[in-house]
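Quick note on numbering: the sequence shown equals residues 2 to 189 in this note's numbering.
Ideal Cβ positions, reconstructed from N, Cα and C, are used throughout, including at glycine.
Worksheet: one structure, shown below.
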Amino acid sequence: FGSGSGDSPFSVSIWAKVNPSILSTTAPGRLFEFGSSSGPAYSANIDRYGNVQFSLKIHGGAGTKIFTTTLSNFRTDYAGWNHYVFTYNGDESSIDVKIYVNGESKSVTASAAGTYTGMGAGGTDFYIGSAYNEQNQWNGFISQVAIFSAQIAQENVRAIYEGASIGSYQDKTTYFSGELSNPVKDVV
């Protein structure tokens with residue numbers, strides 16, 4: 002979604018459940034990351050205090066924009082399955098980022114390191130549940146990841162969360178009950 006000549010809008014939808022035994026001592030970890038060994042172009046993670054962070058980074062550069070929402074009572078209210086959606090309008094000069102949790106838009110605080118001028122080209126890999134170097138691994142479960150080449154609206158986020166139809170995505174959308182019909186397996 003970064004080409005070196007401008008960013009493009011996108012959204013990432015992901016269901017995740019934190020391992021409850023680690024909530025008081027350890028960060029749950031990285032939900033996803035897009036980038037390469039030069040670093041991430043964008044990523045999302047949750048720390049042990051319930052800070053959900055979505056970062057946009059100049060690929061291989063120093064400029065980063067970080068968007069954070071804090072989930073109050075994270076250890077108790079968010080210990081089960083939760084649906085997260087991260088959206089970006091693709092306009093590096095007038096950035097509009099939204100973070101949704103369980104279908105609801107959350108208040109977002111922006112911070113920066115350096116000057117963000119766009120993601121740039123070079124990201125080649127999308128990592129689910131870890132960073133590119135297999136560090137900061139998600140401690141829990143992840144299910145139903147979807148990437149959209151648009152900044153999806155709140156009504157579509159809500160429809161995904163509720164398992165309703167949203168245009169051409171209707172056949173692919175199902176409500177996730179939290180029961181794993183296809184249990185996690187180690188892949189060698």
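Enclosing beta strand (DSSP E) for residue i [first to last residue]
| i | result |
| --- | --- |
| residue 126 | 126-129 |
| residue 110 | 110-114 |
| residue 139 | Looking at the DSSP string, residue 139 is not in any beta strand (DSSP E), and its letter there is neither H nor E. |
Simplified DSSP state of residue i, which is helix, strand or coil
| i | result |
| --- | --- |
| residue 39 | coil |
| residue 159 | helix |
| residue 70 | strand |
| residue 95 | coil |
| residue 18 | strand |
| residue 153 | coil |
| residue 180 | At residue 180, the pLDDT of 47 sits below 50, so the modelled position is not reliable; the number obtained from the coordinates is stated separately. Three-state DSSP puts residue 180 in coil, outside helix and strand. |
| residue 169 | Low per-residue confidence applies at residue 169: pLDDT is 46, beneath 50, and the placement is therefore not dependable, though the value from the model is reported in the following sentence. Note: residue 169 maps to helix in three-state DSSP. |
Length of the line joining the Cα atoms of residue i and residue j
| i | j | result |
| --- | --- | --- |
| residue 111 | residue 83 | 23 Å |
| residue 1 | residue 53 | Outside the shown range of the chain (2 to 189) lies residue 1, about which nothing can therefore be said. |
| residue 48 | residue 7 | 30 Å |
| residue 16 | residue 129 | 11 Å |
| residue 93 | residue 79 | 31 Å |
| residue 132 | residue 37 | 9 Å |
| residue 10 | residue 27 | 32 Å |
| residue 21 | residue 105 | 23 Å |
| residue 69 | residue 109 | 5 Å |
| residue 155 | residue 18 | 22 Å |
| residue 116 | residue 31 | 24 Å |
| residue 134 | residue 101 | 27 Å |
| residue 149 | residue 98 | 14 Å |
| residue 114 | residue 65 | 5 Å |
| residue 58 | residue 35 | 10 Å |
| residue 86 | residue 12 | 7 Å |
| residue 75 | residue 81 | 10 Å |
| residue 96 | residue 67 | 11 Å |
| residue 162 | residue 103 | 6 Å |
For residue i: DSSP bridge partner residues
| i | result |
| --- | --- |
| residue 101 | 86 and 106 |
| residue 31 | 46 |
| residue 13 | 87 and 148 |
| residue 23 | Answer by DSSP bridge pairing: none, since residue 23 is not bridged. |
| residue 65 | 58 and 114 |
First through last residue of the alpha helix (DSSP H) which encompasses residue i
| i | result |
| --- | --- |
| residue 76 | 75-78 |
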